[in-house]
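Novice: Okay, here's the structure, questions in a sec.
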Amino acid sequence: MARTRRVVVIGGGIGGLTAAVALFQDGHRVTVLERAASLRPIGAAISLSPNALRALDVVGLGDEIRDLAAWQGDGGLRTPRGRWLSRSGAEA
């Protein structure tokens, strides 16, 4: 049987909180350390690639994030001249 470990996550941002959820779901005792006095929206936007959404699915947050999301259109990578290298859409 695996031992429960005590884990400290530094930072209560998107990455830190997601890591904390995943570690907690794996049976660890998690403490999140954050410099800010409270967690609150800061008005910043983020883009999530299809792989990021699949990672959020693994920790059970994908559907909730999709419900909160505002679709901004298809995305992808372009060369400096504007030629598409790869594209992703809502179905990705």
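Residue numbers (our numbering): 14 to 105. We put the CB at the ideal spot given by N, CA and C, even for glycine. It should be emphasised that the depicted structure is a prediction, and the values quoted were computed from it without experimental measurement.
1. Using the Cβ count rule (16 or more neighbours within 10 Å means buried), how would you classify L98?
2. Hey, would you say V22 sits closer than 9 Å to L46, going by beta carbons?
3. For V45, list the residues DSSP reports as bridge partners.
4. Could you tell me the distance, in whole angstroms, from the CA atom of H41 to the CA atom of A83?
5. Looking at the strands, I want to know which residues DSSP matches up with L90.
6. If we call anything under 9 Å between Cβ atoms a contact, is G75 one with L81?
7. Look at the Cβ atom of L52, then the Cβ atom of I78, and state whether they are nearer than 9 Å.
Specialist: So, to answer that:
1. Within the sequence shown, numbered from 1, the residue matching residue 98 stands at position 85. It counts as exposed.
2. Position 9 of the sequence shown holds residue 22. Position 33 of the sequence shown holds residue 46. Yes, they are a contact pair.
3. On the sequence shown, position 32 is the one that residue 45 refers to. BP columns for V45 point to V22.
4. Translated into the one-based positions of the sequence shown, residue 41 becomes position 28. Translated into the one-based positions of the sequence shown, residue 83 becomes position 70. C-alpha separation (whole angstroms): 33 Å.
5. Translated into the one-based positions of the sequence shown, residue 90 becomes position 77. Paired residues: S99.
6. Along the sequence shown, one-based indexing puts residue 75 at 62. Along the sequence shown, one-based indexing puts residue 81 at 68. For G75 and L81, no; Cβs fall outside 9 Å.
7. The count along the sequence shown starts at 1 and reaches residue 52 at position 39. The count along the sequence shown starts at 1 and reaches residue 78 at position 65. The answer is no: Cβ separation not under 9 Å.
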